[in-house]
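Okay, so the sequence shown: first residue is 1 according to my numbering, each after it adds one. Some notes on the structure that comes next.
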Amino acid sequence: MENRVYYGEYSLKHWIDLILKKNIILPEYQRYFVWEEDDVRNLIKAFKDKLFIPPVTIGAFKIEGANQNLILDGQQRLTSILLAFLGLFPDKSEYKKTIEKFADENDDENDENDQLDNIFEWKFNLLIERGNNKQSILEQIIEGNYKKVDFQIDDRFLETTFLGFSYLVPYISNEKQQQKYYSSVFRNINIQGKPLLPQESRDSLYFLDNDLKQFFKPEFCNLFTVKNSSGISKIDFVRYLSLLSQYKKDQSANNVARSYKPQMEKYYEDYIYSVIDDNNSKYGKFTEIFPDKKYDESFSKLHEALNSIDVPKQFQSIIELDMYFFGIIYIIVFEKKIIDITKKDELKQKIESKISDFKRDGSHTRAPSNLGHLRSRISSSIEIYQQYAS
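Below is the structure:
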């Protein structure tokens with residue numbers, strides 16, 4: 001037996017049926033729906049004009065003994081087809097106005113707010129949870145949650161218009177082989193449409209081991225944000241885990257990420273693969289740091305410490321973020337020690353003082369991603385926290 005890839009095409013109606021019956025599903029890592037209404041209209045027009053539409057990629061996946069067909073590439077296209085069929089669009093401005101209206105009414109007896117789908121974090125899963133056909137879904141939609149749109153399609157269009165697919169069916173005898181196969185797929189797949197952010201692209205790799213999804217991206221990280229050149233983003237926990245893993249193995253920051261400066265994203269991806277495969281690499285061996293993959297307790301203690309020390313939730317620069325996070329993660333997660341919370345004011349004063357020192361260095365503020373500056377922050381943050389560790 002060998003790995004197989006099947007090619008073909010289905011009518012748009014058949015794709016819609018597959019979605020509604022949950023015969024194809026979105027993996028958890030998939031990003032939210034990001035297309036605009038015009039993108040949906042342009043897709044429909046491209047179908048009508050008989051233009052080339054990139055095929056979608058479906059993968060046969062065995063998860064906990066159950067076979068599932070996962071949408072690996074093509075979420076935006078398939079979601080757009082479903083929305084056009086329903087005559088709906090998850091319009092953020094429409095949703096925002098509805099939320100503000102409910103807030104103004106301040107009606108404690110009105111539970112409609114709880115029935116609204118969060119359009120800011122939206123995937124088509126929210127629609128198919130409401131029903132498995134057009135009528136049942138539309139009956140469950142609350143006024144003001146979605147924008148009603150006529151995309152000017154009919155049943156004949158859906159029945160006579162086709163979208164191609166690639167269907168990946170790996171021959172697997174165990175879960176490790178499946179992980180290895182899909183690791184290759186995720187590395188080489190050509191994502192069409194709006195480009196993914198590095199962290200979004202990386203999300204697919206977290207899915208390779210269900211036991212480690214919360215390791216790479218714990219929920220409490222959503223509480224912390226940092227301002228950068230592209231706007232405001234949530235903290236990148238894998239960045240800290242990877243850099244500190246190498247620091248722990250070397251017991252020094254001198255060689256951390258050496259030769260990776262032009263391609264730090266590859267450094268983070270290599271770390272993810274080393275954890276999933278449990279290799280003894282430059283990051284050390286995962287199960288030597290976390291025997292039996294037990295990390296929950298350490299992460300829980302980290303979350304508690306972040307709250308007890310009153311670590312800020314928003315940071316204005318990566319310099320500030322790193323000084324607060326490198327040391328506390330290393331001490332609690334890697335060294336399995338605790339921080340003396342009774343001296344938190346003194347601790348924070350030292351951190352803020354070091355942040356000021358770094359910011360007075362023009363070279364550091366202009367290029368904080370420089371490996372020399374990064375290593376200085378790693379060492380300085382750990383040195384400060386170690387003074388309060390036991």
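Quick reminder that beta carbons are idealized off the backbone N, C-alpha and C, glycines included.
- DSSP places N145 in the coil class of the three-state scheme, outside both helix and strand.
- By DSSP's assignment, E9 forms a beta bridge with G164.
- I339 places its beta carbon 9 Å or farther from that of I329.
- The alpha-carbon separation between D270 and G144 amounts to approximately 45 Å.
- Straight through space, the alpha carbons of Y324 and Q314 are spaced by roughly 11 Å.
- For Y268, same chain residues with a beta-carbon under 7 Å away, outside a window of 5 residues either side, are R202, V238, R239, S242 in chain order.
- Annotation for F33: Q75, Q76, T79, P90, W122, K123, F124 place their beta carbon closer than 8 Å to its own, counting only its chain and skipping 5 residues before and after.
- Bounds of the beta strand (DSSP E) holding K227 are 225–228.
- DSSP, reduced to helix, strand and coil, places V256 outside both helices and strands of the structure shown, so it counts as coil.
- Scanning the stretch 58–135 from its first residue to its last, the whole beta strand (DSSP E) runs of 3-plus residues come out as 66–73.
- Less than 9 Å divides the Cβ of K22 from the Cβ of N132.
- Here the alpha carbons of I141 and E94 stand approximately 13 Å from one another.
- Across the structure, F47 and N69 are spaced so that their CA atoms are roughly 25 Å apart.
- Beta-bridge annotation (DSSP): I338 is not paired with any residue.
- Under the three-state reduction of DSSP, V333 is assigned to helix.
- In this structure, Y167 places its C-beta atom within 9 Å of the C-beta atom of A60.
- When the beta-carbon positions are compared, I318 and N222 stay at least 9 Å from each other.
- Beta-bridge analysis with DSSP links R4 to V169.
- Residue environment for S363: exposed (fewer than 16 other C-beta atoms within 10 angstroms of its C-beta).
- Your pair P170 and N280 does not check out as a contact, with CB atoms roughly 26 Å apart and the cut at 8 Å.
- Of the other Cβ atoms in all chains shown, 16 or more fall within 10 Å of the Cβ of V56; this residue is therefore buried.
- Residue pairing by DSSP leaves G362 without any beta bridge partner.
- Non-local C-beta neighbours of I16 in its own chain, meaning closer than 8 Å and more than five positions away in sequence, comprise I81, L82, F85, L158, ordered along the chain.
- Contact between F162 and S259 does not hold, since the beta-carbon distance rounds to 47 Å and is not under 8 Å.
- About 16 Å separates the CB atoms of D209 and I289; that is not less than 8 Å, and the two are not in contact.
- One alpha carbon belongs to K359, the other to I235, and they sit about 20 Å apart.
- Taking C-beta separations shorter than 6 Å and ignoring five residues to either side along the sequence, the partners of F220 in its chain run H303, following chain order.
- Per DSSP, K234 is not a residue of any alpha helix (DSSP H); the beta strand (DSSP E) it occupies stretches across 231–234.
- When E100, T365, Q387 are compared, the shortest CA-CA separation from T342 is found for Q387.
- In this structure, V185 sits away from L26, with a CB-CB distance that is not shorter than 9 Å.
- For F299, the CB contacts under 6 Å within the same chain, skipping 5 residues up- and downstream, are P218 in chain order.
- Taking 9 Å as the cut-off, the beta carbon of K213 is found closer than this to the beta carbon of E28.
- Residue pairing of V56 in beta bridges, as defined by DSSP: F165.
- Sorting L371, D361, D322 by C-alpha distance to the C-alpha of I382 places D322 at the top.
- Within the same chain, and ignoring the five residues on either side of K148 in sequence, the residues whose Cβ sits closer than 7 Å to its Cβ are G87, L88.
- Taking C-beta atoms as the reference points, K249 and Y283 count as a pair closer than 9 Å.
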